[in-house]
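I have placed the structure first, in the form of structure tokens, so that the comments after it can refer back to it.
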Amino acid sequence: MGSPDHLHDHIKALLHSVAPPSMKDPGVLEALAAATRWFSVPGGETLFRRGDPADALYFVVSGVLGVIRRAPTGPETIITRLGPGEVVGEMGCVTGQPRTATVRALRSTELLAISWDELERISATVPDVLRSVCTTAIQRFIQTQEGRPSRFQPRTFAVISGGDGVDLRAVGEQFTASLKTDGRAVLATREEFQNLTADQLFQIEDQQDYLVYVCDPGNRPWTSFCLRQSDTVLAVVRGDTPPRALPEIAGPVNTGIPVVLILTWPANRRPSRTADWLASTGLSRHFHVRGPADMNRVRRLLTGRGLGLALSGGGARGLAHVGVVRAMRERGIEIDVVTGTSVGSLIGAGVSGEYSVERMTEEVRQFAKGTLWFEITVPKVSLLAGRNLRRLLARCFHDDLIEDAPIPFACVSTNLTAGGAAIHRTGPLRTWVGASMAVPGVFPPTILGDTVYVDGGMLNNLPADLIREDGASFVIGVDVAGNALAQDLAMLNAPRIDPGPTNIFDVLWRTCCIVDDSQSLARRRQCDMLIVPRLQNVGLLNFRAFESIIEAGYQSALKMLDDFDKRRANGPETRQGDPL
Numbered sequence: 000m001g002s003p004d005h006l007h008d009h010i011k012a013l014l015h016s017v018a019p020p021s022m023k024d025p026g027v028l029e030a031l032a033a034a035t036r037w038f039s040v041p042g043g044e045t046l047f048r049r050g051d052p053a054d055a056l057y058f059v060v061s062g063v064l065g066v067i068r069r070a071p072t073g074p075e076t077i078i079t080r081l082g083p084g085e086v087v088g089e090m091g092c093v094t095g096q097p098r099t100a101t102v103r104a105l106r107s108t109e110l111l112a113i114s115w116d117e118l119e120r121i122s123a124t125v126p127d128v129l130r131s132v133c134t135t136a137i138q139r140f141i142q143t144q145e146g147r148p149s150r151f152q153p154r155t156f157a158v159i160s161g162g163d164g165v166d167l168r169a170v171g172e173q174f175t176a177s178l179k180t181d182g183r184a185v186l187a188t189r190e191e192f193q194n195l196t197a198d199q200l201f202q203i204e205d206q207q208d209y210l211v212y213v214c215d216p217g218n219r220p221w222t223s224f225c226l227r228q229s230d231t232v233l234a235v236v237r238g239d240t241p242p243r244a245l246p247e248i249a250g251p252v253n254t255g256i257p258v259v260l261i262l263t264w265p266a267n268r269r270p271s272r273t274a275d276w277l278a279s280t281g282l283s284r285h286f287h288v289r290g291p292a293d294m295n296r297v298r299r300l301l302t303g304r305g306l307g308l309a310l311s312g313g314g315a316r317g318l319a320h321v322g323v324v325r326a327m328r329e330r331g332i333e334i335d336v337v338t339g340t341s342v343g344s345l346i347g348a349g350v351s352g353e354y355s356v357e358r359m360t361e362e363v364r365q366f367a368k369g370t371l372w373f374e375i376t377v378p379k380v381s382l383l384a385g386r387n388l389r390r391l392l393a394r395c396f397h398d399d400l401i402e403d404a405p406i407p408f409a410c411v412s413t414n415l416t417a418g419g420a421a422i423h424r425t426g427p428l429r430t431w432v433g434a435s436m437a438v439p440g441v442f443p444p445t446i447l448g449d450t451v452y453v454d455g456g457m458l459n460n461l462p463a464d465l466i467r468e469d470g471a472s473f474v475i476g477v478d479v480a481g482n483a484l485a486q487d488l489a490m491l492n493a494p495r496i497d498p499g500p501t502n503i504f505d506v507l508w509r510t511c512c513i514v515d516d517s518q519s520l521a522r523r524r525q526c527d528m529l530i531v532p533r534l535q536n537v538g539l540l541n542f543r544a545f546e547s548i549i550e551a552g553y554q555s556a557l558k559m560l561d562d563f564d565k566r567r568a569n570g571p572e573t574r575q576g577d578p579l
């Protein structure tokens with residue numbers, strides 16, 4: 000690296016690039032650089048173990064660390080991944096407690112380390128050093144408490160072929176071109192990069208925002224190198240070919256590097272057989288790519304820049320979601336991932352299947368023609384037989400599966416047998432949307448084997464918390480429940496809603512969602528933008544008012560979306576207490 004002064008300046012520059020804002024004061028950086036050690040940890044090596052003394056904190060310069068915990072009777076689990084710019088071990092240093100988890104390099108990782116003894120020595124002359132460390136620890140604790148912990152954002156990717164007929168270089172070029180939308184990106188092929196040294200590659204990675212390695216099926220050493228250097232592996236297959244296992248991805252899977260299945264399709268082909276591919280490969284995350292728009296969605300979700308839409312339950316009021324979707328599409332706002340509860344799962348499933356607003360409106364119209372009251376039955380498990388609901392689901396979704404949807408989707412039901420929320424990312428749409436909508440006592444529950452599922456609104460009526468796990472950095476929530484707590488409504492400057500029930504259906508709906516009321520404010524705060532259509536006078540089962548309900552959602556969304564570009568540009572870090 001040259002002279003000691005050169006090394007000092009380089010370490011200071013690295014600290015400036017990866018340290019949190021609270022540590023970037025020039026005086027603090029100068030003091031820290033003099034006490035910092037720069038080193039590398041090979042992939043698979045352990046940085047520290049659970050129970051070790053907390054004697055240093057670390058900054059990740061490049062690579063990936065896995066934070067690992069082991070249950071008393073279970074295997075190791077990676078609870079989070081940490082990439083460039085993350086601080087590791089500061090909480091233990093501040094509290095003086097031993098390490099609470101094991102941290103291991105998932106791939107070759109460059110780190111900067113500062114011992115706690117050095118920090119205390121420096122703080123005698125530069126008091127802001129310890130203040131900065133404590134600020135960092137407190138900020139991370141607050142983010143975790145708010146349900147907004149920092150999430151690992153990959154910067155290096157390996158693209159590997161999972162079968163015949165895949166033009167891997169073309170896929171790599173498309174993905175790299177998409178990444179350039181957000182920053183500097185380079186495509187690394189064997190012909191151009193195989194003779195570079197590790198130091199040269201580190202410099203390239205340091206100079207770029209993203210690096211995409213294209214594996215070569217005919218060259219095992221190069222392919223192994225690409226997989227070792229990657230934060231995330233994209234296993235690319237043709238979706239219309241027979242599903243098969245992918246032994247070539249075993250290495251990254253075993254080391255904890257995420258592997259994502261990319262199923263490519265002709266532009267007009269509807270995805271299918273995704274479940275077979277997931278079963279054959281053992282992978283849990285996938286995307287469908289039919290063209291540039293899908294590739295851009297992959298890029299946004301993998302790099303943590305996606306836009307998520309979370310739709311609440313609320314009976315007939317939930318038809319307002321159709322109006323919100325109409326407004327978003329008119330504004331050109333692309334939805335990357337959607338979650339829903341109860342009627343929100345119904346509309347969310349339509350969004351994930353790329354249904355037009357006209358189609359969703361027509362389905363609602365057909366449903367409204369049926370009269371729910373005419374199917375009141377002997378109340379053995381519910382007041383309504385649920386035939387109209389089942390017909391609606393069959394007409395909308397046929398035998399479609401969640402995993403075949405072009406836009407990632409998840410819905411929430413309540414597992415009465417186990418007593419917890421159930422998140423559905425795979426399986427028949429009509430089954431799980433039906434389970435999510437099964438208001439206890441109103442509609443029959445969904446029973447599979449020995450397990451009973453009912454409406455997800457009991458435990459999570461606005462699943463904004465779940466959607467960030469799928470790569471959404473900006474979340475638009477639509478809350479149509481109409482049974483929010485009084486303090487929530489005051490905060491939102493909305494008129495008070497009379498909590499008194501008007502009929503047995505309102506009683507059952509209120510009972511269903513009262514468990515989630517204690518979490519309603521926290522879930523609203525998960526949203527970067529919250530849309531609350533004014534529907535307090537709409538009854539739970541007043542589906543015949545669908546036109547005015549949809550219009551209310553549309554008008555409410557238009558008002559909020561006027562501020563969309565500014566809010567998204569500011570980012571969630573600038574969001575104040577009121578999510579509106």
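Numbering-wise (numbering that gives the first Met the number 0), the sequence shown opens with residue 0 and increments by one. Every residue gets a Cβ at the ideal spot worked out from N, C-alpha and C, and that includes glycine. Source: prediction; values computed, not measured.
CB contact flag (L392, V432, <8 Å): Cβ atoms of L392 and V432: closer than 8 Å.
Nearest-angstrom Cα separation, counted from A249 out to P494: Because the pLDDT of P494 is 41, which lies under 50, any placement of that residue in the model is unreliable, and the question is left without a value.
Cβ distance (whole Å) where V411 is taken to contact A420 below 8 Å: 6 Å
Distance between L210 and R154 (C-alpha atoms, nearest Å): Rounded to whole angstroms, R154 to L210 spans 6 Å at the Cα level.
Alpha helix (DSSP H) segment containing I121, residue limits: Looking at the DSSP string, the run of the alpha helix (DSSP H) that includes I121 is W115 to S122.
Rounded straight-line distance, which links the Cα of A244 to that of P270: 19 Å
Range of the contiguous alpha helix (DSSP H) that encloses I248: Here I248 belongs to no alpha helix (DSSP H), and DSSP marks it neither H nor E.
Pairwise C-alpha distance: H320 and G347: If I take the Cα positions, the gap works out to 8 Å.
Beta-carbon spacing of S39, E109 below 8 Å: yes
Nearest residue (CA-CA) to I422, options F396, T340 and F442: Selection F396, T340 and F442 evaluated against I422 yields T340 as nearest (Cα-Cα).
Inter-residue CB distance, G312 and G456 (contact presumed, cutoff 8 Å): Contact flag correct, Cβ pair sits at about 4 Å.
Limits of the unbroken alpha helix (DSSP H) element including W431: L428 to S435
Classification of A197 by the beta-carbon crowding that lies within 10 angstroms, buried from 16 upward: exposed
Environment of A18 [buried if 16+ CB atoms lie within 10 Å]: buried
Distance between beta carbons of L46 and V132, contact taken as under 8 Å: In fact, because the Cβ distance is near 18 Å, the residues do not count as touching under 8 Å.
Three-state class that DSSP yields for S519 in the structure shown: helix
N- and C-terminal bounds of the beta strand (DSSP E) containing V474: Taken as a continuous stretch (DSSP letters only), the beta strand (DSSP E) holding V474 covers A471 to V477.
Beta-carbon proximity check, R268 vs V213, cutoff 8 Å: no
Helix, strand or coil at L458 [DSSP, three-state]: coil
Proximal residues to V93 (C-beta, below 8 Å), its chain only, five neighbours per side dropped: V132, C133 and A136
Supposed contact pair L105 and I256 - C-beta distance, whole angstroms, cut 8 Å: 5 Å
V377 to L178 span [Cα, whole Å]: Residue placement at V377 is poorly supported in this model, since its pLDDT is 47, which falls under 50; the coordinates still yield a value, given next. For V377 and L178, the distance between alpha carbons rounds to 58 Å.
Residue burial classification, H5 (beta-carbon count within 10 angstroms, cutoff 16): exposed
Local Cβ density within 10 Å of N295, reported as buried at 16 or more and exposed below that: buried
Environment of A315 [buried if 16+ CB atoms lie within 10 Å]: The residue in question, A315, is buried, as its Cβ has 16 or more Cβ neighbours within 10 Å.
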